[in-house]
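Enquirer:
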Amino acid sequence: MRYAKTALGLFFTAVMLFPVYWMINVSFTRDTDMRADPPHLFPVNGTLEGYRAVIDQQLPYLGTSLIVGLGTVILTLVLSAPAGFALAKLRPKGGGALGFVLLIAQMIPGIIMAMGFYAIYLRLGVLNTVGGLILADSTIAVPFGVLIFTAFMSGIPDELINAAMIDGATRWRTFVSVILPVSRNAIVTVSLFAFLWAWSDFVFATTLDGGGDAQPITLGIYHYIGNNNQQWNAIMATAVIASIPATLLLILAQRYVAAGVTAGAVKD
Amino acid sequence: MTSHASTLVRTRESARVRRGRGHWTAWAFLAPIVIYLLAFYAYPLYRNLDLSLRHYTVRSFVQGNAPFSGLDNYREVFADPAFGPALLHTLTFTVVSIAFQFAIGLALAVFFAQNFKLSATLRALFLVPWLLPLIVSASTWSWMLNSDSGIVNFALKSVGLDPVNWLTSPDWALTSVIIANIWIGIPFNLVVLYSGLQAIPAEVYEAASIDGATGWQRFWRITFPLLRPVSAITLLLGLVYTLKVFDLIWIMTKGGPADASITFATWSYRFSFGSLLPEFGPGAAVGNLLIVMALVFGLLYIRFQRRQA
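Chains as they are written, first to last, in UniProt numbering: chain X, 1 to 268; chain A, 1 to 309.
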C-alpha cells in the first residue's frame, strides 16, 4: 500500500514533468527526425548539433544574463535588507504605510512598468544598456525582498540587538555585524528569487534592451524562434541551457525555494 | 535571576532610546527604498498615466512635446473592435486558469500530504515548471502543440481523435495558452496549499476518524473548511498574477490568430511595441485599465490578509 502511493506519486510527477523531458529529448533529436511520424520518444539517433549551435551563437547572451542576474541580486539585497531591518526592528511611524505601498507595488503588471521605463530611458539615453536592464529587473524582486527580510528579521530576538547596542555598537554596526550574519537564510532566499526572476525576465528585456549589443538569453531564444522555425533541436538546446540555473538552484536550495513561495503568500 | 532582571532593565532602557532618536535612524535605513520607490515605481507609473492622456507620435515621444488630449486615448480604446475580445479573453484566461490550477494543486497537495516514500523529493520536482524561464516553457509548449509534428496531436491521433490546429486556429489558440498557463501555475498552488495543510493539527483528523468519518467526509468537513483562509489567499494572489501574464501568450500566439487570444496585457504591448508604428497613448490607456483591474483584486487580498492577522 505504501508503495502504491509512491508509484502513483511517480506517475503524477512524470506527467507533470513530461514537457521538460520533451524539451530535453527534442534538443538531442536530429533535424531529419524532427518531423518523424511517429515521433521518437527517446533520442535514438541522438545528435549534439543543437548544443553545438548554442555554443556557437548563444554564449554572449548567456554571459549578459549572468551579469544582469548578479547585478539584480546585489541591487536587491542592498535595497531590501536595511529596509527589512528598519521595518522589523526599528518600527518607525509610517512603517506600516510603507509596507502597504510595497504590497501594492508587487501587483503592478510588468508590462505597464516597462512602458513607463521606456519613456524615461529613451529620454535619458539608457535604453539597451545592461545597467538600465538591471535597474528595471530589480523592480520585480525588491518589494518581495523587503517582505522576506521583514518577516525573517521580526523573528530575531530583541535581546540580541539590545546586547549589541549596550556594548556601544551603533544601529548600523548592529545591522552589519549582528543582524546580517544571522539572516543568512533570508539572504539566500531573496538572492535566489532575484536571480531567477532577472534570468527569466522577458518583458523588460524585449522593451528596454531589444536593440542593444548585450542582450539576455531570453531574447536569444526569442530571436532564434523568430528567425528559425526549422532548427527546433537548437531552440530546445538553448532552452535546456537557459533552464540550468533554475534546476541547479532548485537542487542546491530546495527548502529556500519552498520557503520563498509560501512567504510570498502566507502571513506568519 | 539577577542576570534575567538586568536584561529586563537593559531592554527597557534601550526601548526608551529607540523611541527618541531611533525614529530618524529608522528612516535613514529606509531612505534608499523610499527614494527607489519614488524613482522606479511612482515615476514610471506617473509617466504611464501622462502617456495615456496625450497624443504621442514617434517624434513627439522623443522631443517630449505631445499635445494633451484628455481621455481621447481611452475613448479610442473602448471603441476599438479588439476591446470586447480582449476583455472577454482576459477574464476567461484568468478564471479558467485559476480554477484548474487550484483544483489540481489542491488535489496534489492532499495527495502529497500523505506519508509515503519519495514524497518530499517528488514534491520538490513539481516546482521545476514554476522555476523555468517562461520563454522556455512557452517555446516547449509551442513545439508540443505544433499542428503537424507536435507530440500532442500525435497522442490524439493514436487514440483515434482528429488532430487540432492548436496555435493557428482561432477556435483553439486561447485554449492552448490556457493549458500551458495551468501547467505553469500548478506548482505555486501545490506549495502554498500544502503548507496550509501542514498547519491543520493532526488531532482534528484523529478525532474525526474515531467518530468514523470517511476519507471523503474528512476532506469536505475538515480539510476544506480549515483550509479556507489559505485557499482564499492562493486564489486572490493567483488572480493578481494571472491578470498580468504577458510573456507566455505573446511568445506562443502573439495574441492571434485574429485577436483570438488577445488579452489586456498583450494588447497593451501590441499598441506600444508590437509594430513599427508605436501607439504609446492607447497602449498606456489599456495598461492603466489593467492596473485598475489588478488593484481591485490586490486590495481585496490586502483586506483579507489584514482580517486574518
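Virtual Cβ for every residue (Gly too), placed ideally from N, Cα, C. Every value quoted in this text rests on a predicted model; they were computed, and no experiment measured them.
1) Helix or strand or just coil, what does DSSP make of A31(A)?
2) In whole angstroms, what is the alpha-carbon distance linking R171(X) and D213(X)?
3) From what residue to what residue does the alpha helix (DSSP H) around I187(X) run?
4) Using 10 angstroms around the beta-carbon of T13(X), count the other beta-carbons present and answer buried if the total reaches 16, otherwise exposed.
5) Among I120(X), L70(X), S243(X), whose alpha-carbon lies nearest the alpha-carbon of S138(X)?
6) For a contact defined as C-beta to C-beta under 9 Å, what are the partners of T247(X) on chain A?
7) Starting from the beta carbon of V20(X), find every residue of chain A whose beta carbon is closer than 8 Å, and list them in chain order.
8) Short of 7 Å in beta carbon distance, which residues of its chain neighbour D247(A), apart from the five on each side in sequence? Order them along the chain.
9) Under DSSP, the alpha helix (DSSP H) around G71(X) begins and ends at which residues?
10) Can you name the residues that DSSP bridges to F68(A)?
11) Of all the residues that make up the segment 105-137 of chain X, which are near chain A by a beta-carbon distance shorter than 9 Å?
12) For the segment 180-198 of chain A against the segment 95-109 of chain A, are there 3 or more C-beta pairs whose distance is under 8 Å?
13) So W267(A) and A82(A) are supposed to be a Cβ contact under 8 Å. How far apart are they, rounded?
14) Report the three-state DSSP secondary structure of A124(A) (helix, strand or coil).
15) Measure how close the beta-carbons of W166(A) and S158(A) come, nearest whole angstrom, since I'm counting them as under 8 Å.
16) So, with DSSP's three-state summary, where would you put N153(A)?
17) Is the closest heavy atom of the ligand FMN to the C-beta of G63(X) under 7 Å?
18) Check for me: the alpha helix (DSSP H) holding A119(X) runs from which residue to which?
19) Do the segment 207-225 of chain X and the segment 51-64 of chain X touch if we need at least three Cβ pairs shorter than 8 Å?
20) Under a three-way DSSP split, which group does F264(A) fall into?
21) Take L102(X) and list the residues in its own chain whose beta-carbon comes closer than 7 Å to its own, dropping the five residues that flank it on each side.
22) Take P257(A) as the anchor and find which of G274(A), A173(A), I291(A), F273(A) has the nearest alpha-carbon.
23) Using a Cβ-Cβ cut-off of less than 8 Å, list which residues of the segment 263-291 of chain A approach chain X; keep chain order.
24) In its own chain, which residues sit with a C-beta less than 6 Å from the C-beta of V190(X), not counting the 5 before and 5 after it?
25) Assess, as a yes-or-no matter, whether the segment 236-250 of chain A is touched by the segment 78-97 of chain X under the definition of 3 or more beta carbon pairs within less than 8 Å.
26) Could you give the distance in angstroms between the alpha-carbon of A186(X) and the alpha-carbon of D167(X)?
27) In three-state DSSP terms, what is R306(A)?
28) Among T238(X), Q231(X), T29(X), which has the Cα closest to the Cα of G46(X)?
29) Can you tell which of I33(A), M252(A), L289(A) has the C-alpha that lies nearest to the C-alpha of W143(A)?
30) Under three-state DSSP, which class holds G132(X)?
31) Using a Cβ cut-off of 9 Å, which residues of the segment 221-232 of chain X contact any Cβ in chain A, in chain order?
32) What residue range is occupied by the uninterrupted alpha helix (DSSP H) comprising residue 362(A)?
33) Within 8 Å (strictly less), CB to CB, does T253(A) reach chain X?
34) Would you list, in sequence order, the uninterrupted beta strand (DSSP E) runs of no fewer than 3 residues that lie entirely inside the segment 140-172 of chain X?
35) Taking the alpha helix (DSSP H) that residue 310(A) belongs to, which residues open and close that run?
36) Would K93(X) be called buried (16 or more neighbouring beta carbons within 10 Å of its own) or exposed?
Expert: Looking at the coordinates:
1) Position 31 of the second sequence, counting from 1, holds the residue named residue 31(A). In this structure, A31(A) counts as helix in the three-state DSSP scheme.
2) Sequence index remark: in the first sequence, residue 171(X) carries index 171 (1-based). Sequence index remark: in the first sequence, residue 213(X) carries index 213 (1-based). Taking the straight line joining both Cα atoms gives about 44 Å.
3) Residue numbering aside, residue 187(X) sits at position 187 when the first sequence is read from its first letter. Taken as a continuous stretch (DSSP letters only), the alpha helix (DSSP H) holding I187(X) covers 184-200.
4) Residue 13(X) sits at position 13 when you count from the first residue of the first sequence. When all chains shown are included, T13(X) counts as buried.
5) Within the first sequence, residue 138(X) is the residue found at index 138, counting from 1. Comparing Cα positions, the closest option is L70(X).
6) Here residue 247(X) is taken as the residue at index 247 of the first sequence, counted from 1. V128, L131, L132, listed in chain order.
7) The residue labelled residue 20(X) in the question sits at position 20 within the first sequence. Near V20(X) (Cβ distances below 8 Å), the residues of chain A are V128, P129, L132, T140.
8) Taking the first residue of the second sequence as 1, we reach residue 247(A) at position 247. Closer than 7 Å at Cβ, skipping near neighbours: L134, I135, A138.
9) On the first sequence, position 71 is the one that residue 71(X) refers to. Unbroken alpha helix (DSSP H) run through G71(X): 59-85.
10) By 1-based counting over the second sequence, the position of residue 68(A) is 68. R54(A).
11) A105, Q106, M107, I108, P109, G110, I111, I112, M113, A114, M115, G116, F117, Y118, A119, I120, L122, R123, L135, A136
12) yes
13) The residue labelled residue 267(A) in the question sits at position 267 within the second sequence. The residue labelled residue 82(A) in the question sits at position 82 within the second sequence. With a Cβ gap of about 6 Å, W267(A) and A82(A) count as contacting.
14) Residue mapping note: residue 124(A) aligns to position 124 of the second sequence, counting from 1. Reduced to three states, the DSSP call for A124(A) is helix.
15) To locate residue 166(A), count along the second sequence from 1; it is residue 166. To locate residue 158(A), count along the second sequence from 1; it is residue 158. Actually they do not touch by this definition, with Cβ atoms about 16 Å apart.
16) For the purposes of this step, residue 153(A) is taken as the residue at position 153 of the second sequence. Correct three-state label for N153(A): helix.
17) Among the components modelled here there is no ligand, and therefore nothing to report on the ligand FMN.
18) Mapped onto the first sequence, residue 119(X) falls at position 119. First-last of the alpha helix (DSSP H) with A119(X): 110-124.
19) Yes, since at least three Cβ pairs between the segment 207-225 of chain X and the segment 51-64 of chain X fall closer than 8 Å, the two stretches touch.
20) Position 264 of the second sequence holds residue 264(A). If DSSP states are grouped into helix, strand and coil, F264(A) belongs with the helices.
21) Walking along the first sequence from the start, residue 102(X) turns up at place 102. So the qualifying residues of the chain are P143, V146, L147.
22) Residue numbering aside, residue 257(A) sits at position 257 when the second sequence is read from its first letter. It is A173(A) whose Cα lies nearest to the Cα of P257(A).
23) Taking 8 Å as the Cβ-Cβ cut-off against chain X, the residues of the segment 263-291 of chain A that qualify are A265, S268, Y269, S272, F273, F280, G283, A284, G287, N288, L290, I291.
24) For the purposes of this step, residue 190(X) is identified with residue 190 of the first sequence, where counting begins at 1. Closer than 6 Å at the Cβ level, and outside the excluded window around V190(X), lie G145, I148.
25) Taking a cut-off of 8 Å on C-beta distances, the segment 78-97 of chain X does not touch the segment 236-250 of chain A, as fewer than three cross pairs fall below it.
26) Counting from one through the first sequence, the residue named residue 186(X) turns up at place 186. Counting from one through the first sequence, the residue named residue 167(X) turns up at place 167. Whole-angstrom Cα-Cα distance: 26 Å.
27) Counting from 1 along the second sequence, the entry for residue 306(A) is found at position 306. Look at R306(A) here: in three-state DSSP terms it is helix.
28) As a first step, residue 46(X) is located in the first sequence; it is residue number 46 there, counting from the start. Comparing Cα-Cα distances from G46(X) to each of T238(X), Q231(X), T29(X), the minimum goes to T29(X).
29) Against the second sequence, residue 143(A) aligns to sequence position 143. Check the Cα spacing between W143(A) and each of I33(A), M252(A), L289(A): the tightest is with M252(A).
30) Within the first sequence, the letter at position 132 stands for residue 132(X). Looking at G132(X) - three-state DSSP - the assignment turns out to be helix.
31) I221, Y222, Y224, I225, W232
32) No information on residue 362(A) is available, as it lies outside the stretch 1 to 309 that chain A covers here.
33) One-based indexing of the second sequence puts residue 253(A) at position 253. No, T253(A) does not count as interfacial toward chain X.
34) Whole beta strand (DSSP E) segments, 3+ residues: zero.
35) Within the shown structure, residues of chain A are numbered from 1 to 309, placing residue 310(A) beyond reach of any answer.
36) Position 93 of the first sequence, counted from the start, is the residue given in the question as residue 93(X). With fewer than 16 other Cβ atoms within 10 Å, it is exposed.
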